[in-house]
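If you read the sequences in order, they're chains A and B.
Read left to right, the first sequence gives residues 1 to 219 (our numbering).
Read left to right, the second sequence gives residues 220 to 499 (our numbering).
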Amino acid sequence: MTILTTRHVEKTFTEGRETVPVLRGIDFSVERGEIVSLEGPSGSGKTTFLSILGCILTPTRGEVVIEGEAVAERNLAEIRRRSLGFVFQQFNLFPSLSAIENVEYALNVKGVRGREARVEAQRVIEAVGLGDRQNFLPRDLSGGQKQRVAIARALAGKAPILLADEPTANLDSAAGTQVLEMFRTLAKQENRALVIVTHDPKVRTIADRVAKIQDGALV
Amino acid sequence: MNVSLPTGAVEGTEVYALEDFSRWSFPQGVTEGDLGDLRRGPYMVLDDSAKKRWGAFAVNDYREVLGRRLKIIGRTIDAKSFTTTPLTFMDYRLAQSLNESELRGNTTYILIKLAPGANADAVGAEIRRRLPYNDVYTKADWAKRSRNYWIDSTGLGLNMYITVFLGCLVGIVVVAQTLYTSTMEHIREFGTVKAIGGGNRDIYAILGKQATIAAIAGFALGALQAFALRPVMSKIDLKLIIPNELYLAVLLGSIALCLTAAMISFRKVASIDPALVFRT
């Protein structure tokens, strides 16, 4: 079942008087439970495309449909809250919150509060193998552990689509492999779609499909 | 009234003169002498604070008030004027006789003591009805009138308003600057909040909480300083009285000021592009 679709998505940025095309009519779709590795050289438009998939940017032309709902300026935050989980290259954890609080706060933002949020945060933090470090601050965790907290945060709240931007870029090889394996297991277990933007060839080992983007178009 | 001191200097004093002090239980804090004796002759009771301006004095000393030698027959403590001018207590008729041209035959104020349980407002209304060309005030009205006089009719009020205004202005600028710097330092985190589905309201809530914490911390520090200043102020014969209502008003005012100061940060976070979370 298709959960995310883009139809002829174009994106242009204006720099001074110049209009720079970044994405040139991308048609793309992801099934529920599917893992897609989105690859391409630097400057190819991967991150811009991921931002559009993540409802952070809107396309200049074309359409994005998530869970059957067309994305528009008015419902960007709502769709992000309801349908999407993010994992960032820089982890982007809140430094003053413990691991479990990071997850719990993301749930609060999604409207889940109180005991329900605590229970769900506990569930995902244990699912990523950090039950014994749930009260650690990010500064007391290794890179791999931080990324696992970020994955837990993305998983929390049952968002059906997970988007990851270079999730292994700041990890050593062993930690990267471990994180990817865990990511795959959890995404498959919970039937979540996972789109990973990456340069890392290891991602191919967990992906169901590889999409390549070059000069703003899928190739 | 003017008092000639043994040194030859002339100082001022505020004179409180009643027919019978003991009926008014005023002044309180008599440490030497008997107020009832004031009616017996050219006597006066001085507050201890007078020694700062007049030099040391003792009961049975004499001081010259408006050219007439009066014997000091008692001493009070804590009977102090807001202006720090020493207070002197003497018999009503004696005070009139000291300045006959101005005071003899003139009655400016009449103090009325009500029987227990009497309704002050009702009595006031009745006096107004019977003496329509006189002003009638309750104790609270008179106190308010006195405060208003100092605030509205002297430079003190303007000074105070300017001080409060500058305090608020500097406070807002400092808090605004601090919150803005903090916001800029955490801009990526705010971007993350937006990226994971949070709206401006979620971030406003964070900033609002920070501003409120800053206000409460600032209030606590200020209140502690005020407490610490009390003994220092009393050394210069000023009593620092801060009613609970003022504490509450200052606390609420501080929170309002800090939230106002957070507006610049609110504007900044409203324009945060969540796409910044993808930038390395």
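For glycine and all other residues, C-beta sits at the position ideal for the given N, C-alpha and C.
Treat the numbers as computed from the prediction; the structure is a model and nothing was measured.
Answer with yes or no whether the minimum CB distance from residue i to chain B is below 8 Å.
i	result
residue 47(A)	yes
residue 161(A)	no
residue 75(A)	no
residue 28(A)	no
residue 110(A)	yes
residue 165(A)	yes
residue 204(A)	no
residue 42(A)	no
residue 37(A)	no
residue 123(A)	no
residue 99(A)	no
residue 106(A)	yes
residue 13(A)	no
residue 57(A)	yes
residue 220(A)	Since the first and last residues shown for chain A are 1 and 219, residue 220(A) lies out of range.
Please report whether the beta-carbon of residue i lies at a distance below 8 Å from any beta-carbon of chain A.
i	result
residue 417(B)	yes
residue 497(B)	yes
residue 420(B)	no
residue 166(B)	Coverage of chain B is limited to positions 220 through 499, which leaves residue 166(B) absent and any answer about it impossible.
residue 342(B)	no
residue 430(B)	no
residue 411(B)	yes
residue 414(B)	yes
residue 436(B)	no
residue 494(B)	yes
Straight-line CA distance for residue i to residue j?
i	j	result
residue 480(B)	residue 392(B)	7 Å
residue 426(B)	residue 484(B)	8 Å
residue 453(B)	residue 459(B)	8 Å
residue 202(A)	residue 217(A)	23 Å
residue 327(B)	residue 380(B)	32 Å
residue 22(A)	residue 162(A)	23 Å
residue 322(B)	residue 229(B)	21 Å
residue 397(B)	residue 329(B)	56 Å
residue 313(B)	residue 359(B)	29 Å
residue 310(B)	residue 260(B)	8 Å
residue 142(A)	residue 55(A)	30 Å
residue 248(B)	residue 293(B)	11 Å
residue 336(B)	residue 347(B)	20 Å
residue 462(B)	residue 338(B)	25 Å
residue 199(A)	residue 412(B)	26 Å
residue 243(B)	residue 357(B)	15 Å
residue 448(B)	residue 250(B)	26 Å
residue 235(B)	residue 279(B)	20 Å
residue 131(A)	residue 61(A)	45 Å
residue 277(B)	residue 296(B)	13 Å
Take residue i as the anchor and find which of the options has the nearest alpha-carbon.
i	options	result
residue 231(B)	400(B), 459(B), 458(B) and 305(B)	305(B)
residue 108(A)	464(B), 420(B) and 446(B)	420(B)
residue 159(A)	36(A), 129(A), 17(A) and 32(A)	32(A)
residue 123(A)	210(A), 55(A), 190(A) and 25(A)	190(A)
residue 175(A)	181(A), 144(A) and 199(A)	144(A)
residue 488(B)	451(B), 424(B), 461(B) and 475(B)	424(B)
residue 386(B)	428(B), 265(B) and 476(B)	476(B)
residue 262(B)	253(B), 270(B) and 269(B)	253(B)
residue 494(B)	49(A), 19(A), 66(A) and 67(A)	49(A)
residue 206(A)	212(A), 194(A) and 80(A)	194(A)
residue 332(B)	451(B), 245(B) and 370(B)	245(B)
residue 237(B)	401(B), 264(B) and 375(B)	264(B)
residue 192(A)	100(A), 40(A) and 85(A)	85(A)
residue 288(B)	490(B), 317(B) and 296(B)	317(B)
residue 68(A)	37(A), 1(A), 99(A) and 25(A)	1(A)
residue 12(A)	3(A), 42(A), 5(A) and 58(A)	58(A)
residue 188(A)	219(A), 45(A) and 34(A)	34(A)
residue 98(A)	120(A), 134(A) and 119(A)	134(A)
Which residues mark the beginning and the end of the alpha helix (DSSP H) in which residue i is found?
i	result
residue 21(A)	Element bounds for residue 21(A): not the alpha helix (DSSP H) but the beta strand (DSSP E), 18 to 31.
residue 465(B)	463 to 480
residue 408(B)	406 to 414
residue 421(B)	419 to 454
residue 53(A)	46 to 53
Could you spell out where the beta strand (DSSP E) holding residue i opens and where it closes?
i	result
residue 78(A)	Looking at the DSSP string, residue 78(A) is not in any beta strand (DSSP E); the run it does join, the alpha helix (DSSP H), is 76 to 83.
residue 11(A)	2 to 15
residue 62(A)	61 to 66
residue 214(A)	209 to 214
residue 196(A)	193 to 198
residue 38(A)	35 to 39
residue 205(A)	Element bounds for residue 205(A): n/a, residue is neither H nor E.
So which residues on chain C does residue i lean against when the C-beta distance must stay under 7 Å?
i	result
residue 94(A)	The chain labelled as chain C is not found among the protein chains of the depicted structure, namely A and B.
Jot down the residue ranges of each uninterrupted alpha helix (DSSP H) in the segment 135 to 173 of chain A, minimum 4 residues, whole runs only, in chain order. 143 to 155
Which residue spans inside the segment 335 to 382 of chain B form an unbroken alpha helix (DSSP H) run of at least 4? 339 to 349 and 358 to 372
Taking only runs that begin and end inside the segment 276 to 329 of chain B, name each unbroken alpha helix (DSSP H) of 4 or more residues, in chain order. 311 to 317 and 319 to 322
Extract the residue ranges of the alpha helix (DSSP H) inside the segment 90 to 140 of chain A, only unbroken runs of 4 or more that lie entirely within it. 99 to 109 and 114 to 127
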